[in-house]
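K.L.:
Take the sequence shown: its letters are residues -20 to -1, 1 to 299, numbered as in mature numbering (1 follows the signal peptide of the UniProt record, and there is no 0). Sharing a structure here in structure tokens format.
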Amino acid sequence: MEGVWKYFLTILLAVSGSCSHITEGPQNATVLEGSEARFNCTVSRGWQLILWYINNQVSLSITVNGPIISSDRIVPKSYQSGDSFTTEMIIRDVRRSDSGKIKCGLQNSSKEETAFLSVQVVGSLHIQNDSLVLIEDKAHEIICEASGWNPLPNISWVIDVPVNHSSYCSHPKPGDLQSSVSILSLMPQGNGTLTCVASMAGLPFNRSVMVHLTVIKSPLEASYQSKIRNLSISKPNDGPIQAMGNNGKENYGYSSDEPRNTKISSPPSVTSNFSASRQGGQVRLPHQINEEQQQVRTARSTPTVYPSHPRKIRNATLV
């Protein structure tokens, strides 16, 4: 390694008269840990030495005689287009320690072009259970945790469940700078799935985890409905409602000759008959009155049979 750097310093001294300049410098890049990052630098004709820096450390030198590489993770490429020369530095198996400034410069030139490399780390994402049983229309909380991410991801939810209400909030996990927690609050009304999605800013990448939801009735509500069903099944059929307080029978064949608005007077009581007989000069003995009352009760208790085609009977009193 010492011989390489001596050769490198010799070249620096030999090209002190270079008059080239940078026409286009490298661009910012955001990559995932373990992937590769690419940076280009284009210079004008007349260059002698191009230097690449990673966090102010020389990582690649391009000379007219060829590249000088300081790491086996660095891969150089070059392109010639007219009077312009483009050098490309590829960093393989990018690490978090590579994050920072990437510079391209020419020897004996005060102008350098700088870009920034952001290395993001994708951690794990999980929900405690992959299958949950929840009570219908009751408030529940589902927790999704992202661990080992850098920087912390944006966490969102895809709700494929009929709900009465839903909301969520995300925050860093206390005591862990590389972890965050998202809490989803909802009142489910049916079965379905919930998906927790973690995405990285600046990258077309996301990671997700799904949980299956089974929604059941409240135990109290289910017990109440079961009792109602049992009562409706066990309740006997009472049949048609019978009229209360009417032990007699109606004669549908009887037709009265009297006007409909005529009121039927109640039969005279035994006491009134006795009094009338007394005023007429005729007195009946008590045993005669008892016999008449017995005959009236017997007549009332005997069922009346009506003919199918009743005849109209007119009552007349002869004097």
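Yeah, the Cβ is synthetic: ideal placement off N, Cα and C, and Gly gets one too.
Put residue 159 into one of helix, strand or coil per three-state DSSP.
P.N.:
Counting from one through the sequence shown, the residue named residue 159 turns up at place 179. Residue 159 falls in the coil class under three-state DSSP.
K.L.:
Using a Cβ-Cβ cutoff of less than 6 Å, which residues in the same chain neighbour residue 147 once the five nearest sequence positions on both sides are dropped?
P.N.:
The sequence position of residue 147 within the sequence shown is 167, counting from 1. Only 165 meet the Cβ criterion.
K.L.:
On a CA-only basis, which of 78, 89, 5, 117 is nearest residue 196? Give me that one, please.
P.N.:
Looking up residue 196 in the sequence shown gives position 216. Residue 196 has its Cα closest to that of 117, out of 78, 89, 5, 117.
K.L.:
Applying the criterion that 16 or more other CB atoms from any shown protein chain within 10 Å of the CB defines a buried residue, is residue 155 buried or exposed?
P.N.:
By 1-based counting over the sequence shown, the position of residue 155 is 175. Residue 155 should be labelled exposed.
K.L.:
Would you mind reading off the limits of the beta strand (DSSP E) that contains residue 38?
P.N.:
In the sequence shown, counting from the first residue as 1, residue 38 sits at position 58. That run of the beta strand (DSSP E) goes 37 to 43.
K.L.:
Please state whether DSSP places residue 249 in a helix, a strand or coil.
P.N.:
Position 269 of the sequence shown, counting from 1, holds the residue named residue 249. Bear in mind that the predicted position of residue 249 carries a pLDDT of just 48, short of 50, making it too unreliable to give a figure here.
K.L.:
Take every Cβ of the stretch 34 to 52, pair it with every Cβ of the stretch 107 to 127, and state whether three or more of those distances are shorter than 8 Å.
P.N.:
Touching, no, given that fewer than three Cβ pairs across the two stretches are closer than 8 Å.
K.L.:
Looking at the structure shown, is residue 77 part of a helix, part of a strand, or coil, going by DSSP?
P.N.:
The sequence position of residue 77 within the sequence shown is 97, counting from 1. Here residue 77 sits in helix by DSSP.
K.L.:
Within 8 Å, do at least three Cβ pairs link the stretch 166 to 175 to the stretch 84 to 94?
P.N.:
No, the stretch 84 to 94 is not in contact with the stretch 166 to 175.
K.L.:
To the nearest angstrom, how far is the alpha carbon of residue 329 from that of residue 23?
P.N.:
The first residue shown for the chain is -20 and the last is 299, placing residue 329 beyond what the model contains.
K.L.:
For residue 152, does the three-state DSSP call read helix, strand or coil?
P.N.:
Along the sequence shown, read from residue 1 onward, the residue named residue 152 stands at position 172. Residue 152 falls in the strand class under three-state DSSP.
K.L.:
Does the stretch 61 to 76 come within contact of the stretch 12 to 31, defined as at least 3 CB pairs closer than 8 Å?
P.N.:
A contact exists between the stretch 61 to 76 and the stretch 12 to 31.
K.L.:
To the nearest angstrom, report how far apart residue 149 and residue 104 are at their CA atoms.
P.N.:
The residue you call residue 149 lines up with position 169 of the sequence shown. The residue you call residue 104 lines up with position 124 of the sequence shown. Spanning the two alpha carbons is a distance of roughly 19 Å.
K.L.:
Could you check the C-alpha separation between residue 25 and residue 48 for me, to the nearest Å?
P.N.:
Translated into the one-based positions of the sequence shown, residue 25 becomes position 45. Translated into the one-based positions of the sequence shown, residue 48 becomes position 68. So the alpha carbons of these two residues sit roughly 20 Å apart.
K.L.:
Taking all protein chains shown into account, decide if residue 99 is buried (16 or more other Cβ within 10 angstroms of its Cβ) or exposed.
P.N.:
Within the sequence shown, numbered from 1, the residue matching residue 99 stands at position 119. Buried.
K.L.:
Assuming contact is defined by CB atoms lying nearer than 9 Å, are residue 58 and residue 3 in contact in what I supplied?
P.N.:
Here residue 58 refers to the residue found at position 78 when the sequence shown is read from its first residue. Here residue 3 refers to the residue found at position 23 when the sequence shown is read from its first residue. Taking 9 Å as the Cβ cut-off, residue 58 and residue 3 do not qualify as a contacting pair.
K.L.:
Which residue wins for smallest C-alpha separation from residue 12, given the options 110, 129, 198, 54?
P.N.:
Stepping through the sequence shown from its first residue, residue 12 is reached at position 32. Among 110, 129, 198, 54, the Cα nearest to that of residue 12 belongs to 129.
K.L.:
So for residue 199, helix, strand or coil by DSSP?
P.N.:
The residue given as residue 199 occupies position 219 in the sequence shown. Correct three-state label for residue 199: helix.
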